Structures are given as structure tokens and as C-alpha cells.
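Letter 100 of the sequence shown, counting from 1, is numbered 114 in the working numbering, and no numbers are missing.
All C-beta atoms in this analysis are idealised placements derived from N, C-alpha and C, irrespective of residue type, glycine included.
Nothing here was measured: the structure is a model prediction, and the numbers come from that model.
Below: one structure, written as C-alpha cells.
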Amino acid sequence: MARKEFGPQPWLFPNPTVLVGTVIDGKPNFATFAGCGIAGDKPPTISIAVHRQRYTLKGIRQNKEFSVVIPSVNLIKEADYCGLVSGVRSDKVRDCGFTVFYGTLKSAPLIEQCPVNLECTLLKRFDVGVHDLVIGKIVQTYVSEECLTDGKPDIMKIKPIVFSMGSVPRYNAVGEYLGQGYHIGKELKK
15 MARKEFGPQP WLFPNPTVLV GTVIDGKPNF ATFAGCGIAG DKPPTISIAV
65 HRQRYTLKGI RQNKEFSVVI PSVNLIKEAD YCGLVSGVRS DKVRDCGFTV
115 FYGTLKSAPL IEQCPVNLEC TLLKRFDVGV HDLVIGKIVQ TYVSEECLTD
165 GKPDIMKIKP IVFSMGSVPR YNAVGEYLGQ GYHIGKELKK
């Protein structure tokens, strides 16, 4: 297979599309991020690359709490909008028609319309170039009951939005089922 060199690129295919919620000066705000991933499972932690110019970072620094919310494909316009405008000048909750609720943390706004909501406390922050790498400890996870199969989250019911960079930044939906994790590869064991 022929290969073309692109130099260092922040490309993973795909990335999750999430909304990060903060409270800034008493007002809930959400911003869109694709630079997000699980940092560990004991304790459950999540990482987010936040550009230092982002208004969201102010809320994380102020309160040491934030949310990571997974929108479904029916919220694609709202998810994109939250990455296009700044909460400094816009009320994204109003503009998107979000219904905000709170769990145990009072500075980590959650969205009723989103199937998965994670409440996080700030664990660490690292300087990575023009970004802060924020590590959050997940203190509670909320999943809409209609997105469960046999009592567990079902990705095909959650319908998350995935993001990819390349020739054109694009959003996609999750594709077909390929096989059971930690099982399908067993046939290669000798």
C-alpha cells in the first residue's frame, strides 16, 4: 500500500463529538470538543484538550467541575453551533433549546436532551502547547433509559456523533456492528 506523508497531524479516525459544560459567572455554557478521550478506568477519568483562549477553560478553572455530554445525531446542528460561537457573547442554552439539569455537582451543567452525561471534577491540568490538557475524574454517569439494552448503554441507541479531520472536517454517525469486544480476536490465539 502506497503512503503519503503529512507531517505531524492530530488525526485519529474518528474522534467523539462531545459538549463540555461549565458554569461561568453563574451561567451554564457548553462548548463542542473532539479532542476528548478516556484517560483511565481506575479511577474513571477523561481527558479534554482545551485551547487556552476558550471560554470553557475559565469555567473549569473557576469551579474545578465540568460535564462531558454526548449528543446524539439528532442534535448535530446544536452540537456544531456550540463550537461556532462563544459563550461570552451568546446564550447557547437558550439558542439551542437545551433543558439543563444538575446532578451532584452544582457547577457541571447537564443536558436533558443528550443521552449520556458525565459529571467531572478537575483532577489535573497540563500545559500542552496552545492547549491545556484537562483530566477530569468522572464522579457520576447518567444514561437515558431508552438508550439501554439489558440495562447497559447501547451505542446504536445512543447514536453518538463522531468527528474526523482530513480533507474536510466532517461529522458522521456510528456504523455497522463488527463483533464482540475482547472476544472476536480469540480465534487468532494459538
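If I follow the unbroken beta strand (DSSP E) through A187, where does it start and stop? Start and end: R184 to A187.
Starting from R68, trace the alpha helix (DSSP H) in both directions and tell me its first and last residue. According to the DSSP assignment, R68 belongs to no alpha helix (DSSP H), since it is labelled neither H nor E.
Between G150, G180, D168 and K203, which has its C-alpha nearest G21's C-alpha? It is G180 whose Cα lies nearest to the Cα of G21.
For N131, which residues from the same chain have a beta carbon less than 7 Å from its beta carbon, with the 5 sequence-adjacent residues on both sides left out? If we look at N131 and ignore the five residues flanking it on each side, its Cβ neighbours are S81, V83, L124, I125 and Y156.
Taking 6 Å as the limit between beta carbons, can you name the residues of its chain near S100, skipping five residues before and five after? Within the same chain, S100 has close Cβ partners Y69.
Between which two residues does the alpha helix (DSSP H) holding R139 run? Where R139 is concerned, there is no enclosing alpha helix (DSSP H), although the beta strand (DSSP E) it sits in stretches over V130 to V142.
Is the beta carbon of Q154 closer than 7 Å to that of T118? Yes.
Nonlocal neighbours in the same chain, by C-beta distance under 8 Å from T163, ignoring five residues either side: Hits under 8 Å: K171.
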